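Student: Right, I'll just put the structure down here and ask away after.
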Amino acid sequence: MPDAALPIAASPETDILSALGARSIVLVGMMGVGKSTVGRRLAARLKLPFVDADTEIEAAAGMTIPEIFERHGEPHFRDGEARVIARLLDGGPLVLATGGGAFMREETRNRIAAKAISIWLKADHDVIMRRVRRRADRPLLQTADPEGTVMRLLTEREPVYRNADLTIASRDVPHDKIVEECIETLRVHLCGEPASKPPADVVSAVR
Ligand code: S3P
């Protein structure tokens, strides 16, 4: 066989990268579902840059998210968030973890649909509650009844998160398992069934 015809060793990662082109992978979902942790590991697997939108917003504003909420209010934060995400999506491919409310803005959803593949990390309310209790820096949960607030936000947001291209169940398993599921789901979405899987007619022929 001439060298040029030798098959290049394909891996799920290289398949995903070539199918992505300049598009990014955007993680969406509620606070505490693991968007940043999973996103950072997913980016490392794909050898793509990882960016956390909340960190970028803080850098652009020169203050923390609680400070932005306190000094300027949520609408100001949301405008900044939309601008930062738009800018980041123009610089793909990268893996982008978004804040829990970002996908609620239609303009941001449309941008993500045009320039990225979105993954909803979906977690049950009790998993979210257990995780958000560990940090006190989320202004939306500084209420008399944080659990009730999470329930209300989930009810409002889940029908919108559902519009993401892909959904992965975030649960109490090692993060690398969730990353592995993201890789496999992305590969099937972008490239179709695994090459190693025999075609259906071969399967039926050997039955
Ligand atoms: C928010 C989630 C936060 C942060 C801000 C608002 C939300 O990000 O953007 O506190 O509206 O759900 P995480 O989802 O990374 O916690």
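When we follow our numbering, the leftmost residue of the sequence shown carries the number 60, and every step to the right adds one.
From the three backbone atoms N, C-alpha and C, an ideal C-beta is built for every residue, glycine too.
Bear in mind that the values here come from a model prediction, so they are computed numbers and not experimental data.
#1: Is any heavy atom in the ligand S3P found nearer than 6 Å to the beta carbon of Met-188?
#2: For the ligand S3P, is there any heavy atom lying closer than 6 Å to the beta carbon of Asp-138?
#3: Mind checking which residues open and close the beta strand (DSSP E) that includes Leu-200?
#4: Using the three-state DSSP reduction, which class does Glu-129 fall into: helix, strand or coil?
#5: In whole angstroms, what separates the C-alpha of Asp-149 from that of Ile-171?
#6: Going by beta carbon distance, what residues of the same chain come within less than 8 Å of Ala-112, once the five residues before and after it are set aside?
#7: Using beta-carbon positions only, say whether Val-219 and Met-188 come within less than 7 Å of one another.
#8: Mind checking which residues open and close the alpha helix (DSSP H) that includes Leu-245?
#9: Looking at the structure shown, is Thr-157 part of a helix, part of a strand, or coil, going by DSSP?
#10: Figure out for me which residue from Ser-177, Ser-77, His-131 and Ile-242 has the closest Cα to the Cα of Leu-225.
#11: By how many angstroms is the C-alpha of Ile-84 removed from the C-alpha of Thr-73?
#12: What residues are listed by DSSP as bridge partners for Phe-109?
#13: Quick check on Ser-70: buried or exposed, where buried means 16 or more other Cβ atoms within 10 Å of its Cβ?
#14: Using 8 Å for Cβ pairs, my map puts Pro-134 next to Pro-198. What's the rounded Cβ distance?
#15: Which class does Ser-77 belong to by DSSP, given the choice of helix, strand or coil?
#16: Would you decide whether Thr-114 is buried or exposed? Buried here means 16 or more other CB atoms lie within 10 Å of its CB.
#17: For Val-262, which of helix, strand or coil comes out of DSSP?
#18: Which value, in whole angstroms, describes the spacing of the CA atoms of Met-89 and Leu-107?
Tutor: So, from the listed chains and residues:
#1: In the sequence shown, the residue the question calls residue 188 occupies position 129. Met-188: no, Cβ never under 6 Å from the ligand S3P.
#2: Start at 1 with the first residue of the sequence shown, and residue 138 comes out as number 79. No.
#3: Here residue 200 is taken as the residue at index 141 of the sequence shown, counted from 1. Premise fails: Leu-200 is in no beta strand (DSSP E) and is neither H nor E.
#4: The residue given as residue 129 occupies position 70 in the sequence shown. Note: Glu-129 maps to helix in three-state DSSP.
#5: Counted from its first residue, the sequence shown places residue 149 at position 90. Counted from its first residue, the sequence shown places residue 171 at position 112. Roughly 10 Å between the two C-alpha positions.
#6: Residue mapping note: residue 112 aligns to position 53 of the sequence shown, counting from 1. Once the five neighbours on either side are set aside, the close Cβ partners of Ala-112 are Glu-140, Val-143, Ile-144, Leu-147, Leu-155, Ala-156, Thr-157, Gly-158 and Ala-161.
#7: Position 160 of the sequence shown, counted from the start, is the residue given in the question as residue 219. Position 129 of the sequence shown, counted from the start, is the residue given in the question as residue 188. Contact flag unset, no.
#8: Translated into the one-based positions of the sequence shown, residue 245 becomes position 186. 234 to 250 is the span of the alpha helix (DSSP H), which, as asked, contains Leu-245.
#9: Position 98 of the sequence shown, counted from the first residue, corresponds to residue 157. In the structure shown, Thr-157 sits in coil (DSSP, three-state: anything other than H, G, I, E or B).
#10: Reading the sequence shown from its first residue, position 166 is the one you call residue 225. Ranking Ser-177, Ser-77, His-131 and Ile-242 by Cα distance to Leu-225 puts Ser-177 first.
#11: On the sequence shown, position 14 is the one that residue 73 refers to. On the sequence shown, position 25 is the one that residue 84 refers to. Their backbone Cα atoms lie some 14 Å apart in a straight line.
#12: Mapped onto the sequence shown, residue 109 falls at position 50. Val-154, per the DSSP bridge assignment.
#13: On the sequence shown, residue 70 is found 11 positions in, with the first residue counted as 1. Exposed, by the Cβ-count rule.
#14: Taking the first residue of the sequence shown as position 1, residue 134 is located at position 75. Taking the first residue of the sequence shown as position 1, residue 198 is located at position 139. So it is not a contact: roughly 13 Å between Cβ atoms.
#15: For the purposes of this step, residue 77 is taken as the residue at position 18 of the sequence shown. Helix, per DSSP.
#16: Locating residue 114 in the sequence shown gives position 55, where the first residue counts as 1. The residue is exposed, with fewer than 16 neighbouring Cβ atoms inside 10 Å.
#17: Within the sequence shown, the letter at position 203 stands for residue 262. Unreliable placement is indicated for Val-262, whose pLDDT of 44 sits below 50; the coordinate value is still reported in the next sentence. If DSSP states are grouped into helix, strand and coil, Val-262 belongs with the helices.
#18: Counting from one through the sequence shown, the residue named residue 89 turns up at place 30. Counting from one through the sequence shown, the residue named residue 107 turns up at place 48. Straight-line Cα distance between these residues: approximately 23 Å.
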